[in-house]
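Same order as they appear, the protein sequences are chains A and B. For the first sequence, the numbering used here begins at 1 and goes up steadily by one. For the second sequence, the numbering used here begins at 1 and goes up steadily by one. Ideal Cβ placement from N, Cα and C applies to all residues, glycine included. Structure first, then comments.
2 protein chains.
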Amino acid sequence: MYPTHLRPRFGSVFMRETKILEIIRNRISSAGDDAAIIPFHNSHLILTTDMLHRTSDFPAGVSPFAIGWRSVAVSLSDLAAMGATPLGVLLALGDPKLEEGFVTGVLEGAMACCESVETRLIGGDIDRHQELTLVSTGIGEAKQPIRRAGAHTGEFVCVTGELGRTQAALALYVRGETKQADTLFQFSPRVDWGRNLAGIATSMIDISDGLAHSLHLLAKEGSVGFAIDEKRLPFLSEMDQLFLPLERSERIIFGGEDYELLFTLPQHLLRNDNSCPCYTVIGQVTETEVLLDGRKLPDKGYEH
Amino acid sequence: MYPTHLRPRFGSVFMRETKILEIIRNRISSAGDDAAIIPFHNSHLILTTDMLHRTSDFPAGVSPFAIGWRSVAVSLSDLAAMGATPLGVLLALGDPKLEEGFVTGVLEGAMACCESVETRLIGGDIDRHQELTLVSTGIGEAKQPIRRAGAHTGEFVCVTGELGRTQAALALYVRGETKQADTLFQFSPRVDWGRNLAGIATSMIDISDGLAHSLHLLAKEGSVGFAIDEKRLPFLSEMDQLFLPLERSERIIFGGEDYELLFTLPQHLLRNDNSCPCYTVIGQVTETEVLLDGRKLPDKGYEH
Numbered sequence: 001m002y003p004t005h006l007r008p009r010f011g012s013v014f015m016r017e018t019k020i021l022e023i024i025r026n027r028i029s030s031a032g033d034d035a036a037i038i039p040f041h042n043s044h045l046i047l048t049t050d051m052l053h054r055t056s057d058f059p060a061g062v063s064p065f066a067i068g069w070r071s072v073a074v075s076l077s078d079l080a081a082m083g084a085t086p087l088g089v090l091l092a093l094g095d096p097k098l099e100e101g102f103v104t105g106v107l108e109g110a111m112a113c114c115e116s117v118e119t120r121l122i123g124g125d126i127d128r129h130q131e132l133t134l135v136s137t138g139i140g141e142a143k144q145p146i147r148r149a150g151a152h153t154g155e156f157v158c159v160t161g162e163l164g165r166t167q168a169a170l171a172l173y174v175r176g177e178t179k180q181a182d183t184l185f186q187f188s189p190r191v192d193w194g195r196n197l198a199g200i201a202t203s204m205i206d207i208s209d210g211l212a213h214s215l216h217l218l219a220k221e222g223s224v225g226f227a228i229d230e231k232r233l234p235f236l237s238e239m240d241q242l243f244l245p246l247e248r249s250e251r252i253i254f255g256g257e258d259y260e261l262l263f264t265l266p267q268h269l270l271r272n273d274n275s276c277p278c279y280t281v282i283g284q285v286t287e288t289e290v291l292l293d294g295r296k297l298p299d300k301g302y303e304h
Numbered sequence: 001m002y003p004t005h006l007r008p009r010f011g012s013v014f015m016r017e018t019k020i021l022e023i024i025r026n027r028i029s030s031a032g033d034d035a036a037i038i039p040f041h042n043s044h045l046i047l048t049t050d051m052l053h054r055t056s057d058f059p060a061g062v063s064p065f066a067i068g069w070r071s072v073a074v075s076l077s078d079l080a081a082m083g084a085t086p087l088g089v090l091l092a093l094g095d096p097k098l099e100e101g102f103v104t105g106v107l108e109g110a111m112a113c114c115e116s117v118e119t120r121l122i123g124g125d126i127d128r129h130q131e132l133t134l135v136s137t138g139i140g141e142a143k144q145p146i147r148r149a150g151a152h153t154g155e156f157v158c159v160t161g162e163l164g165r166t167q168a169a170l171a172l173y174v175r176g177e178t179k180q181a182d183t184l185f186q187f188s189p190r191v192d193w194g195r196n197l198a199g200i201a202t203s204m205i206d207i208s209d210g211l212a213h214s215l216h217l218l219a220k221e222g223s224v225g226f227a228i229d230e231k232r233l234p235f236l237s238e239m240d241q242l243f244l245p246l247e248r249s250e251r252i253i254f255g256g257e258d259y260e261l262l263f264t265l266p267q268h269l270l271r272n273d274n275s276c277p278c279y280t281v282i283g284q285v286t287e288t289e290v291l292l293d294g295r296k297l298p299d300k301g302y303e304h
């Protein structure tokens, strides 16, 4: 039986209201991960698909190039979170107008994002649609996929890069500073870091719906808890200019879509670890509960 | 360089109005096929993605089960057209309401279709969306992928099964005979036949947008022509009950979405060929032009 996964995106709020997720997990999935795994030729194929659309994923002012880039980047981030090497990306695009300039801009962004991690846009589908809709599918290979389950008590909890990128971008779009916003919105999927962490990280997830929710998912799948230190959380310098300290923390912890990698690491590997040059230890794996500075961290996302 | 493909679905009309398809083919694709090909471990991965949505793909009266089945079947049909063995399917589902009964019906249909060809629904994405939208991605393996290019003058042109299935289903939905319509709408992807034709058929495509358009695509990619005999076209018996002879022919030739396999076969292989028990020779490969009973066959789809 394949380890499989059907993951709701942006769906945590309504998914709690229904039993759909439970049904999906009982019928399709034996374990939750960022992508599905198919054992293949002494290795593993890693597959993931993500649906983005105008209303909930693309703020006013975002460029076609940034739309295409980000649509592909979210799937590449899922592959990164499994420690996979991308083999290619497919992109389905639906749009009411399908204007030439817009479509080519989206495709150029998608191709550029693929090239940034040494993979290619290999195919897709284009159709008229009432609302701009992009569905990207990433396929990769991993000899040793990194799962969400696998953390042990006492290990370090780590995060790549800096948090707050998408929250900062959204604020900049509102201000009309679209160029700077686009730069932040077009995040770099952490493919190299993910791949380098294979065989080193004991569990991993990408932060696609807030640090708090990702910590809870990782804790649940690994049957562990986390003790996180708020002062250790790395955040983007722009966040300090854009938000007051309280709101900044709220957005970093509960704000969605940072697409950094959150992973656990045995303590003895920390000292001489050159696998991933840019990560921060933010806490420790415990037996149960997700705590921030000793208080229970709610499993909620930011209402954006 | 990968042989790649970005294929417009239901897009032939508007695609002629713009240069998008040309741009896509120049930038992304080196050859048109039903799916993308990635050489992998002495074999080939075959990948395809298809976007369907309420307005253009799901008539009033269609059941959730049939919606899920068909969404997956269109991608499995693309894999079949490459002679691939499916490894799994991903399904992204967007819907305004996401009611439990509806979503589970769709997923059950999708799973049943996968099981009918001995593969599995391995993952996906679920999201709220203004319009019902389903994007399925099929992944398969083929030692010898069958391409659209490859036909030679003098070979036979063949089609699997019977034509008119979707046209008959649409007419039955209009009449309110939804149960019989669903049965026709849930077509069987020709996975077994496609796989059996690997190494035998010289070129192949699935009929996803009308026989006429598929013949033109196959002729163009193979740099050949076809001479088709109308009287040889196999059609579903329901078509005779639902349409007058002239409209029946129009719908069979230009009506979209039969999802039968259209392929070319060397003459010497015909006599003792048990690879595909249910196909019909409908014509012959020529040097140039697509002719039906000696007259030029227009490259147009049925306006549905």
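Cβ-Cβ distance between residue i and residue j below 9 Å
| i | j | result |
| --- | --- | --- |
| B/Ser136 | B/Leu184 | no |
| A/Val224 | A/Ala112 | no |
| A/Leu132 | A/Ile67 | yes |
| B/Ile126 | B/Leu47 | no |
| A/Gln167 | A/Leu93 | no |
| B/Leu307 | B/Trp193 | Absent from the model: residue 307 of chain B. The displayed extent of chain B is 1 to 304, so no value can be given. |
| A/Arg128 | A/Leu163 | no |
| B/Val117 | B/Leu76 | yes |
| A/Ser203 | A/Phe263 | yes |
| B/Pro234 | B/Gly283 | no |
| B/Tyr259 | B/Ala35 | no |
| B/Ile228 | B/Ala81 | no |
| B/Thr119 | A/Gly124 | no |
| B/Arg165 | B/Leu218 | no |
| A/Leu87 | B/Ile38 | yes |
| B/Ser71 | B/Leu170 | no |
| A/Phe40 | B/His41 | yes |
Contact test: residue i Cβ vs the ligand NAD heavy atom, cutoff 8 Å
| i | result |
| --- | --- |
| B/Pro39 | The ligand NAD is not part of the structure shown, which contains no ligands of any sort. |
Nearest candidate by alpha-carbon position, reference residue i, set the options
| i | options | result |
| --- | --- | --- |
| B/Arg232 | B/Ser249, B/Thr178, B/Ala181 and B/Leu244 | B/Ser249 |
| B/Ile252 | B/Ser237, B/Pro266 and B/Thr264 | B/Ser237 |
| A/Leu269 | A/Cys158, A/Asp95, A/Gly105 and A/Glu141 | A/Cys158 |
| A/Leu45 | B/Glu141, B/Glu230 and B/Leu215 | B/Glu141 |
| A/Lys300 | A/Val285, A/Leu52, A/Leu265 and A/Gly256 | A/Gly256 |
| B/Val89 | B/Asp78, B/Tyr279 and B/Cys114 | B/Cys114 |
| B/Trp69 | B/Ile200, B/Pro189 and B/Gly154 | B/Pro189 |
| B/Asp182 | B/Ser43, B/Val62 and B/Ser56 | B/Val62 |
| B/Tyr279 | B/Leu246, B/Gly294 and B/Asn196 | B/Asn196 |
| B/Thr286 | B/Glu247, B/Ala201, B/Leu215 and B/Arg54 | B/Leu215 |
| B/Val191 | B/Ile146, B/Lys179 and B/Gly176 | B/Ile146 |
| B/Lys179 | B/Ala60, B/His53, B/Ala201 and B/Ser56 | B/Ala60 |
| A/Ile207 | A/Phe226, A/Leu107, A/Gly109 and A/Phe254 | A/Phe254 |
| A/Gly289 | A/Gly101, A/Phe226, A/Leu246 and A/Asp33 | The sequence shown places Glu at residue 289 of chain A, rather than the Gly named in the question. Measuring from the Cα of A/Glu289, the nearest candidate turns out to be A/Phe226. |
| B/Lys296 | B/Ala198, B/Pro245, B/Thr85 and B/Glu230 | B/Glu230 |
| B/Ser56 | A/Gly199, A/Asp33, A/Glu221 and A/Gln130 | A/Gln130 |
| B/Gly210 | B/Pro298, B/Ala84 and B/Leu107 | B/Pro298 |
With 16 other Cβ atoms within 10 Å as the buried cut-off, status of residue i
| i | result |
| --- | --- |
| B/Pro64 | buried |
| A/Val174 | exposed |
| B/Ser29 | Its pLDDT being 49, under 50, B/Ser29 is placed unreliably by the model, and nothing is read from it. |
| A/Ala31 | In this predicted model, A/Ala31 has a pLDDT of only 47, less than 50, meaning its place in the structure is not dependable; the value taken from the coordinates is given anyway. Burial call: exposed. |
| B/His213 | buried |
| B/Gln144 | exposed |
| A/Arg54 | buried |
| B/Asp95 | buried |
| B/Leu308 | A query on residue 308 of chain B cannot be resolved here, the shown segment of chain B reaching from 1 to 304 and no further. |
| B/Gly309 | Outside the modelled stretch of chain B, which goes from 1 to 304, sits residue 309 of chain B, for which no answer is possible. |
| A/Gly199 | exposed |
### Query
Which residues, in chain order, does the stretch 134-147 of chain B contribute to contact with chain A at a C-beta distance below 7 Å?
Val135, Thr137 and Ile139
### Message
To be precise: take each residue of the stretch 234-248 of chain A, compare its Cβ to all Cβ atoms of chain B, and keep it if any distance is under 9 Å. Which residues remain?
### Response
none
#### Entry: 3 or more residues per run - each beta strand (DSSP E) lying fully within the stretch 238-286 of chain B
261-265 and 279-286
### Query
Can you list, in chain order, the residues of the stretch 40-54 of chain B whose Cβ is nearer than 9 Å to any Cβ on chain A?
Phe40, His41, Asn42, Ser43, Leu45, Leu47, Thr48, Thr49, Asp50, Met51, Leu52, His53 and Arg54
### Message
Which complete alpha helix (DSSP H) runs does the stretch 185-243 of chain A hold, if anything under 4 residues is left out?
### Response
191-196, 211-222 and 237-242
### Query
Which of the residues in the stretch 77-95 of chain B, read from start to end, lie with their CB under 7 Å from any CB of chain A?
Leu87, Gly88, Leu90, Ala92 and Gly94
### Message
Using a Cβ-Cβ cutoff of 8 Å, what residues of the stretch 117-133 of chain A are near chain B? List them in chain order.
### Response
Arg120, Leu121, Ile122, Gly123, Gly124, Asp125, Ile126, Asp127, Arg128, His129, Gln130, Glu131 and Thr133
### Message
Residues of the stretch 149-165 of chain B in Cβ contact with chain A at a cutoff of 9 Å, in chain order, please.
### Response
none
#### Entry: Interfacial residues, the stretch 165-181 of chain A to chain B, with Cβ spacing under 9 Å
none
### Task
May I have a chain-ordered list of the alpha helix (DSSP H) segments no shorter than 4 residues that lie completely inside the stretch 108-156 of chain A?
none
### Selection of the stretch 62-74 of chain B by Cβ proximity to chain A, strictly under 8 Å
none
#### Entry: chain B contacts from the stretch 198-221 of chain A (Cβ-Cβ distance under 7 Å)
none
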